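Residues in the sequence shown are numbered from 1 upward in steps of one, following the working numbering. Structure first, then comments.
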Amino acid sequence: MLRHDQRLADMAGGNSVSESTVRRWRDELIGLLAAYVRQMTAHCPYLAPSLQQGLTTWTVFQADGEPAVVEAELFHAGVQAAEWLRPLLNRPHGGLRCENIVLLGEVPGAAHRDLLAWPHWVL
1 MLRHDQRLAD MAGGNSVSES TVRRWRDELI GLLAAYVRQM TAHCPYLAPS LQQGLTTWTV
61 FQADGEPAVV EAELFHAGVQ AAEWLRPLLN RPHGGLRCEN IVLLGEVPGA AHRDLLAWPH
121 WVL
């Protein structure tokens with residue numbers, strides 16, 4: 001799992017790849033995120049203002065394993081995101097803070113939508 005505050009060199013070393021590979025992955029991900037943002041701003045009135053004010057963060061999750069394992073790990077990532085966001089909600093513009101979990105990779109027998117279908121409001 002990658003966090004928004006990691007440096008490219010840290011990600012490269014931690015994943016046993018070169019920094020240029022991580023840079024290429026980052027650039028590809030930015031393109032995918034741009035398409036996602038265009039689609040989601042039509043459904044979420046908070047996303048555009050959150051992005052404009054720099055209050056949106058992203059957790060990138062590489063799916064690997066059986067659907068039940070991936071779903072449990074995604075839930076854990078959601079809990080971590082909620083715990084990270086909670087203290088920020090009382091700051092200026094805290095209501096616009098937004099953490100997005102980006103799921104990459106394929107899980108045999110499970111669609112990404114199904115893996116992320118757990119009740120987020122619980123967090």
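Here a beta-carbon is modelled for each residue, glycine too, at the ideal position from N, C-alpha and C. These figures come from a predicted structure and were not determined experimentally.
### Task
Just tell me which of V37, H112, H43, P92 has its CA closest to the CA of L51.
V37
### Query
Using DSSP with H/G/I as helix, E/B as strand and the rest coil, what is Q52?
helix
### Message
If you follow the beta strand (DSSP E) that V102 is in, where does it begin and where does it stop?
### Response
98-104
### Query
At what residues does the alpha helix (DSSP H) containing P67 begin and finish?
67-85
### Task
Kindly indicate which three-state DSSP category A35 falls into: helix, strand or coil?
helix
### Query
From which residue to which residue does the alpha helix (DSSP H) around H112 run?
112-115
### Message
Quick check: does the Cβ of A42 come within less than 7 Å of any heavy atom belonging to the ligand ADP?
### Response
Absence of the ligand ADP is noted for the structure shown, with no ligands found whatsoever.
### Query
With 16 as the cutoff for other CB atoms within 10 Å, does V79 come out buried or exposed?
exposed
### Query
Taking contact to mean at least 3 C-beta pairs separated by less than 8 Å, is the region 105-114 in contact with the region 58-72?
yes
### Query
According to DSSP, is W58 helix, strand or coil?
strand
### Task
Return the Cβ separation of W84 and E99 in integer angstroms, given the expectation that the two are a contact with Cβ distance under 8 Å.
7 Å
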